[in-house]
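Chains Y and D, in that order, are what the protein sequence lines are.
Reading the first sequence from the start, the letters are residues 1 to 114 in the numbering used here.
Reading the second sequence from the start, the letters are residues 1001 to 1112 in the numbering used here.
Think of the CB as a built atom: it goes at the ideal place given N, C-alpha and C, for glycine as much as any other residue.
The structure displayed is predicted, hence computed values, not measured ones.
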Amino acid sequence: DAGVIQSPRHEVTEMGQEVTLRCKPISGHNSLFWYRQTMMRGLELLIYFNNNVPIDDSGMPEDRFSAKMPNASFSTLKIQPSEPRDSAVYFCASSPREAPDTQYFGPGTRLTVL
Amino acid sequence: SQKIEQNSEALNIQEGKTATLTCNYTNYSPAYLQWYRQDPGRGPVFLLLIRENEKEKRKERLKVTFDTTLKQSLFHITASQPADSATYLCALLNQAGTALIFGKGTTLSVSS
C-alpha cells in the first residue's frame, strides 16, 4: 500500500517567492495534519483537517501560511511570501477513522528559503 | 502551557544492553501518550500508544511505562541492536484532545 505521499521532496527558493507543498493522504483516512520540524523547535503541528474541514489552525505561524484540502485525497500548504525563517522540514500525516489516535507520516518536504 | 521534555538529546549504548529513554510532561494530564521512531531523512513512524489507565505496554523488545503521578513515561528497548539507532519521539494528546504535542526527541546510538 502507498503511504502518505508528499511533493516535492526538496524545495529551494528565494525569499519573497511563493511556495506550495502538496500531500496525498493514505486512501480512506479522514484526518490530515501538517507539521513543521526544526532543530530548535522540534515537530510542531500547523493545522489539522477532519473530513476535509480545518479543525485546528492555531499552529499556523502567521497570515503568510495557508492550507487547503479541496477533497479527501489532496491537501496543499502554501507560504506566500516565503522568508528564510520558514526553512524547515514540513511533514504531512494522516489517520484513519477507525484508529484516529495513530498518525502515519509522509517522507517530508525539506524547504530552504535563501 | 503544556510542556514535554525528553531528558536526553543523545544516548549511546552497547549492543545487547537495554536502552531507557525518558519523557516528562507538565501542566496537564493527557489521555494517552505515544512513542514514535524517526530515521534520518524520513517521517516519524508510530510505535506504541499507552493510555492513562495503563501502567505498562509491551511490543516485542519494546516496553513503555506511564506514571501519571510522576508525569513521566519510560521507553525501554531490550537486547538493543545497531538497527535500533534512530531518534525516538514521545507525543502527548493535548488538553483539548485535538492534536499531538511532540517532544524534541532522543537520538539513540547502539554500537556493536
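Non-local beta-carbon contacts of D:P1082 in its own chain, meaning distances under 8 Å to residues more than five positions away in sequence, involve E1015, V1110, S1111 and S1112 in chain order. Closer than 7 Å at the C-beta level to chain Y, one finds these residues of the stretch 1011-1041 of chain D: Y1032. Of all residues in the stretch 1039-1071 of chain D, only G1041, R1042, G1043, P1044, V1045, F1046 and L1049 come within less than 8 Å of chain Y when Cβ atoms are compared, listed by chain position. At a cut-off of 3 residues, the continuous stretches assigned as beta strand (DSSP E) that sit fully inside the stretch 23-100 of chain Y are 29-38, 42-50, 53-56, 65-71, 74-79 and 88-96.
Between Y:Y104 and the set Y:S82, Y:A93, Y:S66 and Y:T112, the nearest pair of CA atoms involves Y:A93. Residue contact check for Y:P107 against chain D: a CB pair falls below 8 Å. With respect to chain D, the C-beta atom of Y:F91 has a partner C-beta closer than 8 Å. Judged by DSSP in its simplified three-state form, D:D1084 adopts helix. Among the CB atoms of chain Y, none fall inside 8 Å of the CB of D:A1086.
Contact annotation, D:T1020 with D:L1074: C-beta distance approximately 6 Å; criterion of less than 8 Å satisfied.
Of all residues in the stretch 39-54 of chain Y, those with a C-beta nearer than 7 Å to a C-beta of chain D are G42, L43, L45 and Y48, reading in chain order. Under the three-state reduction of DSSP output, Y:R9 falls in the coil class, being neither helix nor strand.
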